[in-house]
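See structure below.
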Amino acid sequence: MKKHQKITNLFMCSILISGFFACDLTQQEEPIAEESPLLLATATSSSFIFYDDFESGEPLEDAHGHELGADHSLTSVSKPGYSGEKAARFELRDNDPIVKGSRRAEVTIVKGEDGHIEKDTWYSFDLYVPKDYVDEDDDEVINQWHQSGNASASIRIKNGRFLWRYYINGQREDFDLGSIKKESWNSFVIHMIHSYGSDGLTEVWLNDEKLLDRKGRNINDDDLPKWKIGIYKSKWADEKTTTSRRVLYYDNVKVGDSRTDYELMAYNETNEGSEEQDDDTTSDSGNNDSGSSGGDSDSGSDDSSGDNGDSSGDSSSDEDEDNNDDSSEVDNDDSGSDDDQRRRPRRNRWKRNHRW
Ligand SMILES: [Ca+2]
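Using mature numbering (1 follows the signal peptide of the UniProt record, and there is no 0), the letters of the sequence shown correspond one by one to residues -22 to -1, 1 to 334.
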């Protein structure tokens, strides 16, 4: 709670028209050389509702619900490809303890029904998919906007591609978001005006490319959704697939209110530079934690599974809160959209020297 209160307060920053600077502790922002200052001159005020860059504390400790069955489910690790940075590592094995009716390593970041968000909300996160992430036809959910038992919208990984799915009034609609760039960070920004009516809007950018721009209904007729991230593979509740382990890394998980904009959501300090040159980057193998909590054991390839075994945890509460069985459709995700207007907003035009 501290972190996000802090953020809400700290991030009430206004970027003024010329000289733009952020109000609170922001020390200095320097325009990026090649960008025209005029382009930056949009008066903006913003507020982040949630932000975690995983540089300190337990991963997602200020989030609103953890559905983690094992010690390996969520840990803090060295950020693949970057030196001196941290990220969150989610791991799900097909023999992990059952959590809410299925195999999942998920965290609810904000809950619409508890008033954490409003209708107009921005979400963003960076995702790293290890090179040995096995492609298979059975999908897993990595993000879901969940309302009473169903994911009215979700992002999934299926056959080496990202997929956006709506599941509204029992109807599934999928949109392909392209092939996954493994061994590199994929930056997602999602803007949703959550609505059961025609005033809804869904915009999805991946690596600065707008892939979905869809007006109209994007939730079920219910409370505002909760946003969950991590890994959820419903098939593993009672079946095996061609792989037995999934590992994903997340960084810079943010939620912003209507005063936020694309630039603020897309900008992350680590995107600017400290990229490591080497390779060790990962396949999930090598990076284990430097430090912080959680062990991250894993050495091997992501799904090779040779080593599963763990269990640990507690979990097992079975409930079914969101089953996403593809088949049963209970909690699905799907969606996709079509139109693609590709507007390419510039990113990272200015720097902040503080961390939230
Ligand atoms: Ca980080």
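From the three backbone atoms N, C-alpha and C, an ideal C-beta is built for every residue, glycine too.
Bear in mind the structure is a predicted one, so any value in this text is a computation, not a measurement.
Between which two residues does the beta strand (DSSP E) containing residue i stretch?
i: Tyr240; result: Careful: Tyr240 lies outside any beta strand (DSSP E), inside the alpha helix (DSSP H) at Tyr240 to Ala244.
i: His44; result: Gly43 to Leu46
i: Trp214; result: First-last for Trp214: undefined, no H or E at that position.
i: Leu105; result: Asp98 to Tyr106
i: Gly156; result: Gln149 to Ser157
i: Arg143; result: Arg139 to Ile146
i: Lys232; result: Arg223 to Gly234
i: Ile133; result: Asn128 to Lys136
i: Val55; result: Leu52 to Ser56
i: Arg81; result: Arg81 to Lys89
i: Ile120; result: Glu118 to Gln125
i: Ser165; result: Trp163 to Ile171
i: Phe28; result: Phe26 to Asp30
i: Thr180; result: Leu179 to Leu184
i: Tyr191; result: The sequence given here has Asp at residue 191, not Tyr. First-last of the beta strand (DSSP E) with Asp191: Glu187 to Lys193.
i: Leu202; result: Where Leu202 is concerned, there is no enclosing beta strand (DSSP E), given that its DSSP letter is neither H nor E.
i: Arg67; result: Lys64 to Arg71
Please confirm whether residue i and residue j have their CB atoms less than 8 Å apart.
i: Thr180; j: Glu114; result: no
i: Val88; j: Lys160; result: no
i: Ser157; j: Gly138; result: yes
i: Leu155; j: Leu189; result: yes
i: Ser51; j: Phe68; result: yes
i: Val167; j: Met243; result: yes
i: Asp31; j: Asp40; result: no
Starting from the C-beta of residue i, find all residues in its chain whose C-beta is less than 7 Å away, skip the five residues before and the five after it, and write them out in chain order.
i: Arg134; result: Asp117, Glu118, Val119, Ile120, Leu141, Arg143 and Asp311
i: Lys211; result: Leu70, Arg81, Glu118 and Arg224
i: Asp200; result: Gln125 and Ser126
i: Ser14; result: Since pLDDT at Ser14 reaches only 34, below the 50 mark, its modelled position is unreliable, and the value read off the structure follows with that caveat. Contacts found: none.
Who are the near neighbours of residue i in its chain, counting only those whose CB is closer than 8 Å to its CB and skipping five residues on each side?
i: Gly178; result: Met170, Ile171, His172, Lys193, Gly194, Arg195, Asn196 and Ile197
i: Glu297; result: Only weak support exists for where Glu297 lies, its pLDDT of 36 falling under 50; the coordinates are left without a value.
i: Gln149; result: none
i: Asn246; result: Asp31, Asp104, Ser165, Asp229, Asn230 and Asn326
Excluding the 5 residues preceding and the 5 following residue i in the sequence, name in chain order all residues of the same chain whose CB lies nearer than 6 Å to its CB.
i: Gly43; result: Thr86
i: Ser165; result: Asp104 and Asn185
i: Glu91; result: Asp201
i: His94; result: Val88
i: Lys213; result: Asp116 and Thr219
i: Trp163; result: Asp104 and Tyr106
i: Asn147; result: none
i: Lys136; result: Asp117
i: Glu217; result: none
i: Asp256; result: For Asp256, the predicted model reports a pLDDT of 47, less than 50, meaning its position is unreliable; a value from the coordinates is still stated below. So no residue of the chain qualifies.
i: Leu46; result: Leu52 and Ala83
Does any heavy atom of ligand 2 sit closer than 7 Å to the C-beta of residue i?
i: Glu118; result: Inclusion of ligand 2 in the displayed structure is not the case, the ligand content consisting of ligand 1 alone.
Counting pairs of beta carbons, one from the segment 116 to 125 and one from the segment 199 to 208, are three or more of them closer than 8 Å? yes
Are there three or more Cβ pairs, one per stretch, closer than 8 Å when the segment 237 to 245 is compared with the segment 77 to 88? These segments do not touch.
For the 8 Å Cβ check, are there 3 or more pairs between the segment 87 to 103 and the segment 224 to 236? Yes, the segment 87 to 103 touches the segment 224 to 236.
Quiz: which residues have CB nearer than 7 Å to ligand 1 non-hydrogen atoms: This criterion selects Asp31, Phe32, Glu33, Lys57, Glu63, Lys64, Ala65, Asp229, Asn230 and Thr248.
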